[in-house]
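Quick notes on the structure that follows.
2 protein chains.
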Amino acid sequence: MDYAAYFAKHREEHLEELKSWLSIPSISALSEHKEDVLKAAEWLVEALKKAGLENVGIHQTNGYPVVYADYLHAEGRPTVLVYGHYDVQPVDPLPLWKTPPFEPDIRDGKLFARGATDDKGQLFLHIKAVEALLKEEKDLPVNIKFCIEGEEEITSPNLPSFLEVNKEKLAADAVLISDTSLVEDGVPAICTGLRGLCSLDVAIRTANTDLHSGSFGGGVPNALHALVELMASLHDERGRVAVDGFYDDVPELSPVMKEEFDKLNFKEDKLKAELGLDALYGEEGYTFVERIGARPTLELNGIYGGFQGEGTKTVLPCEAHAKITCRLVGKQNPEDILDKIERHLLSHAPTGARVSVDKREKGNPFSIDPTDHLLQKAADAYEQVYGKRAVFTKDGGSIPIVEAFSRILNVPVVLMGFGLPNENLHAPNEHFNLHNFDKGLLTIVEYLKRI
Amino acid sequence: MDYAAYFAKHREEHLEELKSWLSIPSISALSEHKEDVLKAAEWLVEALKKAGLENVGIHQTNGYPVVYADYLHAEGRPTVLVYGHYDVQPVDPLPLWKTPPFEPDIRDGKLFARGATDDKGQLFLHIKAVEALLKEEKDLPVNIKFCIEGEEEITSPNLPSFLEVNKEKLAADAVLISDTSLVEDGVPAICTGLRGLCSLDVAIRTANTDLHSGSFGGGVPNALHALVELMASLHDERGRVAVDGFYDDVPELSPVMKEEFDKLNFKEDKLKAELGLDALYGEEGYTFVERIGARPTLELNGIYGGFQGEGTKTVLPCEAHAKITCRLVGKQNPEDILDKIERHLLSHAPTGARVSVDKREKGNPFSIDPTDHLLQKAADAYEQVYGKRAVFTKDGGSIPIVEAFSRILNVPVVLMGFGLPNENLHAPNEHFNLHNFDKGLLTIVEYLKRI
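Same order as they appear, the protein sequences are chains A and B. Counted the way the UniProt record's numbering counts, the first sequence spans residues 1 to 451. Counted the way the UniProt record's numbering counts, the second sequence spans residues 1 to 451.
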């Protein structure tokens with residue numbers, strides 16, 4: 001079968017279909033869009049039915065529903081579970097959009113709309129790939145299941161329990177997700193690692209009230225001094241996290257991984273120039289991509305205390321606050337890391353300061369061995385279509401649901417992305433490059449045929 | 001003459017008069033009270049005329065006017081210049097006032113009103129003391145000048161230039177100010193030192209935009225890390241300011257001064273309990289009163305950067321801010337200190353961080369030798385009236401105008417206060433204890449007769 005010809009023939013029709021889905025403002029974070037989110041789920045049901053999938057249905061959760069569909073007629077063949085999401089990010093600031101976020105517009109070979117690449121556009125490729133196979137071959141080379149949620153952009157609060165409850169229904173040999181990106185145009189990538197995440201808020205209190213710096217300055221603890229001293233104690237002079245035991249469960253970089261990172265041929269100078277930085281900074285002894293891909297972090301995301309207005313206020317503030325997140329790798333456990341940080345903070349509390357810690361989010365790191373045959377087959381499929389074999393990357397971000405699939409269904413997760421890093425995810429003017437739309441369709445067909 | 005009898009006889013009348021002045025909401029900080037501030041100046045003109053003073057007049061400045069009056073008929077005798085202010089602090093939060101701030105109310109032997117002690121009530125004592133002397137003796141034992149401003153609560157922006165221009169008109173042998181307080185009830189005090197002040201804002205910038213902590217965390221500078229590291233570098237582990245040369249012009253505590261501080265018999269445990277503190281904190285080797293009275297400080301008054309909302313935001317902030325004030329002593333020069341701090345901050349800038357410094361306020365420290373005969377005579381007057389000799393204190397606060405009088409008119413400044421530390425200056429329910437009102441009148445008469 002010539003799928004290139006097939007997709008070329010149906011291109012207009014496919015794009016019109018996708019545009020109709022992108023026109024639905026399914027913003028899960030904003031309750032005023034509740035009807036729109038549900039409408040996007042219904043649209044999806046119809047699209048899956050039209051593609052020829054079976055058992056298409058809407059499954060309620062405590063939040064937005066999960067859309068499920070399957071086609072299980074390839075006896076003795078592996079089962080692939082496709083995950084994606086039909087909800088999208090908010091669109092603020094609206095004035096920065098060149099065309100309205102929910103009036104999809106194609107220009108310069110790109111499709112502009114909220115959700116164009118994250119994730120409606122990428123998910124749509126899977127639906128159309130399956131539709132093509134069913135139309136052209138009246139059958140699929142694998143068993144396939146779709147499990148599509150509507151709460152990814154609000155941290156998937158209900159999906160893990162949905163996976164637990166429906167473990168058997170969702171059982172598969174691989175989970176396939178297209179919600180990541182190529183390294184750069186023409187260089188396909190398969191993400192083999194995502195960092196975990198944990199977060200905490202720190203509060204420092206000194207006196208029972210703010211004090212006048214004339215009457216008390218120099219003689220009583222100042223919550224801001226305590227805060228900067230305590231926060232500065234969290235890193236050492238080599239850029240390492242100075243919390244006891246923080247690196248206990250962090251694997252050293254293997255020569256194989258180092259080689260994969262080197263293959264990326266990352267240009268640190270270019271990044272510096274783009275960000276307007278005099279210097280990059282991080283843990284001594286690692287390159288930028290190694291730091292992002294394979295090393296854990298402890299980052300201050302916010303600090304505040306005392307007077308923030310114009311001019312001068314001679315106050316000794318009695319409270320100060322910091323917000324911290326860690327990115328985790330290897331076998332680091334978020335609970336354990338939060339405990340270790342809390343111990344550090346309490347045991348390093350400066351004189352006269354009471355420190356309290358509020359532990360918040362917890363997500364495990366994810367990683368998969370690039371030599372897994374399902375990943376190698378994905379790299380083969382990319383090579384076939386792109387003329388270039390996919391590199392195996394590690395992403396610094398956290399997609400907790402990936403780790404949840406891997407852990408709850410106990411199955412390899414293949415992150416096969418077709419976006420590009422500069423397609424304005426979560427920002428104004430989100431778009432999807434249509435040559436990757438085209439190649440994505442072919443790559444998925446190729447992949448399903450190869451496994 | 002029995003001035004005790006005289007003041008007892010006129011007490012009702014005096015208090016009614018003061019209450020009428022206190023009823024005028026002369027809040028200099030709020031432009032909607034402009035007419036009230038001017039009305040308070042006019043009230044003052046009438047009161048000075050009624051007291052028998054001459055050359056009473058309103059002198060324009062670029063802001064609120066200065067009220068001047070004199071009585072210069074004591075040939076060969078010293079001249080005393082009385083300074084005070086007719087403006088008051090704002091009254092927020094209004095609901096915390098038990099009686100309205102501009103409806104003066106006497107209860108439990110205290111006069112409650114905004115300005116009751118700061119400074120209308122205390123300044124009023126000088127007017128009535130002079131009035132009493134002129135009525136009873138038809139003459140004054142000294143030459144006297146009044147120079148009363150209406151902008152003290154907004155940092156006296158126009159008074160220094162008024163002093164410069166009117167140097168000769170205002171020439172005197174002593175400046176007498178009642179705008180401070182006793183150590184505690186029954187323990188009179190003469191303040192012989194006020195700390196200077198300088199302030200600066202610090203801004204730190206890293207990348208040209210906030211960055212996502214997943215994609216960049218651990219590989220680029222974080223403005224908050226740079227801020228806490230830089231701010232923590234400003235003090236050493238002994239609580240000393242770690243800026244090169246900061247202590248160059250700070251005199252060591254003399255045995256005489258140490259003795260004066262010891263005389264205060266300050267209870268550090270009581271303060272700790274009042275403030276709800278586990279521990280006091282400051283420069284190693286000094287007591288609380290020494291730290292406040294005789295040592296300089298560098299204090300953070302505010303810090304902020306990044307996310308301050310609820311929940312977690314995985315952001316690497318690209319800017320961070322701190323607001324700093326220093327209290328200065330001895331010969332420390334605010335310009336010089338600001339330069340030294342700037343040098344420290346720039347030379348300690350963490351990797352990848354650009355530091356900028358905005359220098360703001362500058363005020364010199366003030367101090368006077370307690371053995372000055374004018375101060376000794378003031379202590380004598382207190383002893384006569386209170387039955388207890390005044391102690392010589394150093395106040396940690398800054399009243400820049402005191403240093404300005406001392407420097408521009410080149411004359412000793414006698415800080416002879418009658419307030420109490422807990423009379424809610426600048427706070428709701430400001431009040432003046434009337435037994436100190438009574439004793440204040442007598443002490444001033446006594447002082448004018450003795451010099």
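Don't be surprised by glycine CBs; every beta carbon is placed ideally from N, CA and C.
In chain A, which residues lie less than 7 Å from residue i when you measure between Cβ atoms?
| i | result |
| --- | --- |
| B/T117 | Neighbours of B/T117 on chain A: none; closest Cβ ~15 Å, over 7 Å. |
| B/L316 | E299 |
| B/H225 | H235 and L300 |
| residue 503 of chain B | Nothing about residue 503 of chain B can be reported from this structure: the residues present for chain B run from 1 to 451 only. |
If you draw a straight line from the alpha carbon of residue i to that of residue j, how long is it in whole angstroms?
| i | j | result |
| --- | --- | --- |
| B/A226 | B/V183 | 43 Å |
| B/K39 | B/P251 | 45 Å |
| B/T393 | B/I58 | 34 Å |
| A/L125 | A/V243 | 45 Å |
| A/R407 | A/H235 | 32 Å |
| A/K340 | A/G245 | 7 Å |
| B/R240 | A/T99 | 58 Å |
| A/Q384 | B/V315 | 38 Å |
| B/L338 | A/V289 | 41 Å |
| B/N143 | B/G276 | 49 Å |
| B/R195 | B/E13 | 39 Å |
| A/T371 | A/P421 | 25 Å |
| A/Y386 | A/T443 | 8 Å |
| B/L448 | B/V175 | 12 Å |
| B/E229 | A/G285 | 21 Å |
| B/G302 | A/M231 | 15 Å |
| A/P334 | A/D278 | 33 Å |
| B/A294 | B/F418 | 23 Å |
| B/L374 | B/V402 | 16 Å |
| B/K110 | B/P104 | 10 Å |
| A/P296 | A/L264 | 20 Å |
| B/E283 | B/V187 | 28 Å |
| B/L197 | B/I204 | 23 Å |
| B/K258 | B/K362 | 28 Å |
| A/D336 | B/D395 | 50 Å |
| B/V414 | B/N208 | 54 Å |
For residue i, return the contacting residues in chain B, with the cut-off set at a CB-CB distance below 9 Å.
| i | result |
| --- | --- |
| A/E153 | Simply none; closest approach about 14 Å. |
| A/L275 | T206, A207, N208, T209, L211, F216, V220 and C318 |
Starting from residue i, find everything on chain B with Cβ-Cβ shorter than 7 Å and list it in chain order.
| i | result |
| --- | --- |
| A/D278 | G352 |
| A/M231 | V228 |
Starting from the beta carbon of residue i, find every residue of chain A whose beta carbon is closer than 9 Å, and list them in chain order.
| i | result |
| --- | --- |
| B/E430 | Near B/E430 there are no residues of chain A at all, since even the closest Cβ is about 15 Å away, more than 9 Å. |
Kindly provide the ranges of any alpha helix (DSSP H) runs that are 4 or more residues long and lie completely inside the UniProt domain "Peptidase M20 dimerisation" (193-351) of chain B, ordered along the chain.
213-216, 223-232, 255-263, 268-275, 288-294 and 334-347
For the region 280-314 of chain A, enumerate the residues whose C-beta is nearer than 7 Å to any C-beta of chain B, in chain order.
Here the close residues are L280, Y281, G282, E283, F288, R291, I292, R295, T297, E299, L300, N301, G302, I303, Y304, G305, G306, F307, Q308, T312, K313 and T314.
Examine the Cβ distances between the region 315-334 of chain B and the region 306-317 of chain A and report whether three or more of them are shorter than 8 Å.
yes
Residues of the region 326-343 of chain A with Cβ closer than 8 Å to any Cβ of chain B, in chain order
R327
Short of 8 Å Cβ to Cβ, which residues in the region 176-202 of chain B face chain A?
R195, L197 and S199
Taking Cβ-Cβ distances below 8 Å as the criterion, which residues of the region 389-419 of chain A are in contact with chain B?
D395, G396, G397 and S398
Any chance the region 36-55 of chain B sits against the region 124-141 of chain B, with 3 or more Cβ pairs inside 8 Å?
yes
Sequence ranges, alpha helix (DSSP H) only - wholly within the region 337-424 of chain A, length at least 4
373-386 and 400-408
Inside the region 147-196 of chain B only - beta strand (DSSP E) runs reaching at least 3 residues:
174-177 and 189-194
For the structure I just gave you, are there three or more beta carbon pairs, one from the region 337-356 of chain B and one from the region 322-338 of chain A, closer than 8 Å?
no
Taking the runs of the beta strand (DSSP E) that are 3 residues or longer, which of them lie wholly in the region 64-147 of chain B?
For secondary structure counted as the beta strand (DSSP E) over 3 or more consecutive residues, the region 64-147 of chain B holds these complete runs in sequence order: 66-71, 79-85, 105-107 and 110-112.
For the region 358-381 of chain B, enumerate the residues whose C-beta is nearer than 9 Å to any C-beta of chain A, in chain order.
R360 and E361
Stretch pair the region 351-359 of chain A + the region 211-229 of chain A: three plus CB contacts closer than 8 Å:
Counting Cβ pairs under 8 Å, three or more are found: they touch.
Which ranges does the alpha helix (DSSP H) cover as unbroken runs of at least 4 residues, wholly within the region 5-46 of chain B, from first to last along the chain?
11-22
Contact between the region 65-84 of chain B and the region 3-17 of chain B is defined here as three or more beta-carbon pairs at a separation below 8 Å; is this criterion met?
Taking 8 Å as the limit for Cβ pairs, the verdict is that the region 3-17 of chain B does not touch the region 65-84 of chain B.
Can you confirm whether the region 73-90 of chain B touches the region 420-438 of chain A when touching is taken to mean that 3 or more C-beta pairs between the two stretches lie within less than 8 Å?
In short, these stretches do not touch, since the Cβ pair count stays below three.
Closer than 7 Å between beta carbons: that is the criterion. Which residues of the region 36-55 of chain B meet it against chain A?
none
Cβ-based contacts, 8 Å cut-off: residues of the region 121-137 of chain B near chain A:
none
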